[in-house]
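Trainee: Residue numbers (UniProt numbering): 1 to 207.
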């Protein structure tokens, strides 16, 4: 039986401790905020500003490329109206490109077409990983242009069997390659990539 103190309340048996146990001042536990506990995890998984910029450029390039192709081919009906003179140096004509950008490495077989599709997809994936990791904004934007252009031309090969080129740049009787928005974006991306590699990379190394 437990002993009673003067107030009549039972006293704990010898050798036992109270259920709460002794506590030091200030040792009371505080509930953890779920928002604070996951802050480091969510920040580490988020995209950097450069990555957001790069993927935005890729998406804008892809949408603009496909929109111009669909409008020119299906709505404007360029195959019926060609050639169309827009300016003294730009014409619209229809050229089906079975190679890479600007008609290079033409493929006459269906196997060659699928090889180009697979290579382009793998390249786009690799460049996307690069975009995800780089902190350099110009580099990410340049890579985004290349990715968007590559995916745009892949869609053409899957849908038409070849890339739809329709912009002809010429000066007098001299004519350059016939290209599309995706090709122009890829060239711009390569230029930005070279500038970042040979100029900006050296500046970043000196800091």
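We put the beta carbon where it would ideally sit given N, CA and C, even for glycine.
Give me the Cα-Cα distance between residue 91 and residue 69, rounded to the nearest whole angstrom.
Mentor: Cα-Cα distance, rounded: 15 Å.
Trainee: If we count the other Cβ atoms within 10 Å of its Cβ and call it buried at 16 or more, is residue 147 buried or exposed?
Mentor: buried
Trainee: Sorted by chain position, which residues of the same chain lie with C-beta nearer than 7 Å to residue 121's C-beta, five sequence neighbours on each side aside?
Mentor: 154
Trainee: Cα separation between residue 44 and residue 50?
Mentor: Residue placement at residue 44 is flagged as unreliable, the pLDDT there being 45, under the threshold of 50; the coordinate-derived value follows with that caveat. Answer to the nearest angstrom: the Cα atoms are 15 Å apart.
Trainee: If you count every other CB in all the chains shown that lies within 10 Å of the CB of residue 205, and 16 or more means buried, which is it?
Mentor: exposed
Trainee: Taking only three categories from DSSP, how would you classify residue 74?
Mentor: helix
Trainee: Given a cut-off of 9 Å on the beta-carbon distance, is the pair residue 151 and residue 165 in contact?
Mentor: No, these two residues do not count as a Cβ contact at 9 Å.
Trainee: Short of 8 Å in beta carbon distance, which residues of its chain neighbour residue 186, apart from the five on each side in sequence? Order them along the chain.
Mentor: Closer than 8 Å at Cβ, skipping near neighbours: 101, 145, 146, 149, 150.
Trainee: If we require 4 or more residues per run, which alpha helix (DSSP H) segments fall completely within the region 84-134?
Mentor: 110-133
Trainee: Who are the near neighbours of residue 58 in its chain, counting only those whose CB is closer than 6 Å to its CB and skipping five residues on each side?
Mentor: 144, 147, 148
Trainee: Which residues does DSSP pair with residue 52 in a beta bridge?
Mentor: Per DSSP, none; premise fails for residue 52.
Trainee: First and last residue of the beta strand (DSSP E) that includes residue 165?
Mentor: Its beta strand (DSSP E) spans residues 163-171.
Trainee: If you draw a straight line from the alpha carbon of residue 41 to that of residue 176, how long is it in whole angstroms?
Mentor: Any reading at residue 41 needs caution, since the residue's pLDDT is 39, under 50, leaving its predicted position unreliable; the model's value is listed next. Whole-angstrom Cα-Cα distance: 51 Å.
Trainee: Quick check on this structure: which residue in 156, 95, 93 has the alpha carbon closest to the alpha carbon of residue 114?
Mentor: Comparing Cα positions, the closest option is 156.
Trainee: Which same chain residues end up closer than 8 Å to residue 53 when comparing Cβ atoms and leaving out the 5 residues on each side of it in sequence?
Mentor: Residues of the same chain with a CB within less than 8 Å of the CB of residue 53, apart from the 5 flanking positions on each side, are 137, 140, 141, 144 in chain order.
Trainee: Identify which residue in 95, 127, 126 has its Cα closest to the Cα of residue 80.
Mentor: 95
Trainee: Which residues mark the beginning and the end of the alpha helix (DSSP H) in which residue 175 is found?
Mentor: Taken as a continuous stretch (DSSP letters only), residue 175 belongs to no alpha helix (DSSP H), being part of the beta strand (DSSP E) at 174-179.
Trainee: Taking buried to mean at least 16 other C-beta atoms within 10 Å of its own C-beta, is residue 55 buried or exposed?
Mentor: buried
Trainee: Quick check: what's the CA-CA separation for residue 39 versus residue 83?
Mentor: At residue 39 the pLDDT is 42, less than 50, meaning the model places this residue with poor confidence and gives no usable figure here.
Trainee: Does the Cβ of residue 77 have 16 or more other Cβ atoms within 10 Å, making it buried, or fewer, making it exposed?
Mentor: By the neighbour-count rule (16 or more Cβ atoms within 10 Å), residue 77 is not buried but exposed.
Trainee: Tell me whether the beta-carbon of residue 190 lies closer than 9 Å to the beta-carbon of residue 97.
Mentor: no
Trainee: Answer yes or no: do residue 184 and residue 167 have a C-beta to C-beta separation smaller than 9 Å?
Mentor: yes
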